[in-house]
């Protein structure tokens with residue numbers, strides 16, 4: 001694995017872990033709010049997918065080794081732009097996998113940029129303003145506590161400015177490539193109806209997978225590593 005850096009069109013440095021093993025297809029992985037490419041969860045996830053594809057796992061602005069301040073999807077498409085451009089220049093096919101707000105970004109990228117071959121959106125909110133985020137619920141704070149990493153937490157830099165955001169549910173019908181929508185049945189952060197609604201509104205070739213006993217985003221992977229990984233990889237291959 002090699003760390004590489006890009007610069008966005010608005011001047012923000014973006015850090016990416018490149019897992020390169022000679023595959024001609026690549027998975028671009030986008031963590032959500034408060035998660036980074038170097039977190040234990042995403043390092044493990046990246047290594048699992050790197051068994052079958054090359055992988056580019058990124059820190060969005062305001063996270064980890066990237067610069068800037070996080071704007072909760074308002075400006076983060078700028079972060080994806082140079083990463084996906086690099087991927088398209090070096091690989092036959094580019095797959096985009098996003099988690100939570102990273103899943104929302106994957107939907108927005110597919111709808112507005114149309115520059116990836118397939119999309120996996122995990123626990124993606126349909127509208128930032130409707131996220132439940134029941135932080136007091138054990139299904140929210142217990143996983144957060146278990147994933148506690150001081151260095152990661154200290155690296156998070158949210159913007160204090162409120163920016164206008166595009167609602168994924170308003171544009172998901174513009175996506176033309178296959179999309180796998182994934183949700184956790186016990187998610188209290190972004191409840192599964194969000195992702196189900198995105199699935200229902202999408203007009204592209206699409207699939208919906210509910211992991212009934214799992215919770216939010218990368219926790220679905222952590223709780224059901226084999227099932228999650230095999231399901232996603234199988235879906236990517238079936239769509240080929």
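In full-length UniProt numbering, the protein residues as written are 1 to 240. For every residue, glycine included, the Cβ atom is placed at its ideal position computed from N, Cα and C.
If I follow the unbroken beta strand (DSSP E) through residue i, where does it start and stop?
i	result
residue 10	Taken as a continuous stretch (DSSP letters only), residue 10 belongs to no beta strand (DSSP E), as it is neither H nor E.
residue 269	This structure cannot settle anything about residue 269, because the visible part of the chain is limited to 1 through 240.
residue 154	From DSSP, residue 154 is part of no beta strand (DSSP E) but of the alpha helix (DSSP H) over 150-154.
residue 72	Element bounds for residue 72: n/a, residue is neither H nor E.
Between which residues of its own chain and residue i is the CB-CB distance below 6 angstroms, once the five residues before and five after are set aside?
i	result
residue 27	49, 53, 55, 95, 97
residue 194	125, 126
residue 20	54
residue 229	48
residue 223	214
residue 218	41, 99
residue 80	109
Give me the Cβ distance between residue i and residue j, rounded to the nearest whole Å; I'm assuming they're in contact under 8 angstroms.
i	j	result
residue 33	residue 100	6 angstroms
residue 198	residue 169	6 angstroms
residue 10	residue 75	7 angstroms
residue 149	residue 225	About 19 angstroms separates the two Cβ atoms, so there is no contact after all.
residue 12	residue 106	Going by Cβ atoms, the distance from residue 12 to residue 106 rounds to 19 angstroms, so no, they are not a contact pair.
residue 73	residue 104	5 angstroms
Check for me: the alpha helix (DSSP H) holding residue i runs from which residue to which?
i	result
residue 81	77-90
residue 45	40-49
residue 128	Segment: none, residue 128 is in no alpha helix (DSSP H) and carries neither H nor E.
residue 235	225-238
Report all residues from its chain with a CB closer than 7 angstroms to the CB of residue i; omit the five preceding and five following residues, and keep chain order.
i	result
residue 155	36, 63, 64
residue 236	95, 118
residue 92	24, 25
residue 4	16, 18
residue 231	209
Going by the DSSP bridge assignment, what does residue i pair with across the sheet?
i	result
residue 99	122
residue 61	Looking at the DSSP assignment, residue 61 forms no beta bridge with any residue, so it has no partner.
residue 54	26
residue 192	For residue 192, which the question treats as bridged, DSSP gives no partner whatsoever.
residue 19	55
residue 175	In DSSP, residue 175 forms no bridge with anything.
residue 158	70
residue 94	26
residue 170	Looking at the DSSP assignment, residue 170 forms no beta bridge with any residue, so it has no partner.
residue 207	180
residue 212	In the DSSP output, where bridge partners are listed per residue, residue 212 has none listed.
Output yes if chain B places a C-beta closer than 7 angstroms to the C-beta of residue i; else output no.
i	result
residue 204	Absence of chain B from the displayed structure is noted, only one protein chain being present.
Using a Cβ-Cβ cutoff of less than 8 angstroms, which residues in the same chain neighbour residue i once the five nearest sequence positions on both sides are dropped?
i	result
residue 22	54
residue 202	172, 173, 175, 179, 181
(request) Flag this pair as touching only if the stretch 198-216 and the stretch 173-181 have three or more C-beta atom pairs under 8 angstroms; answer yes or no. (result) yes
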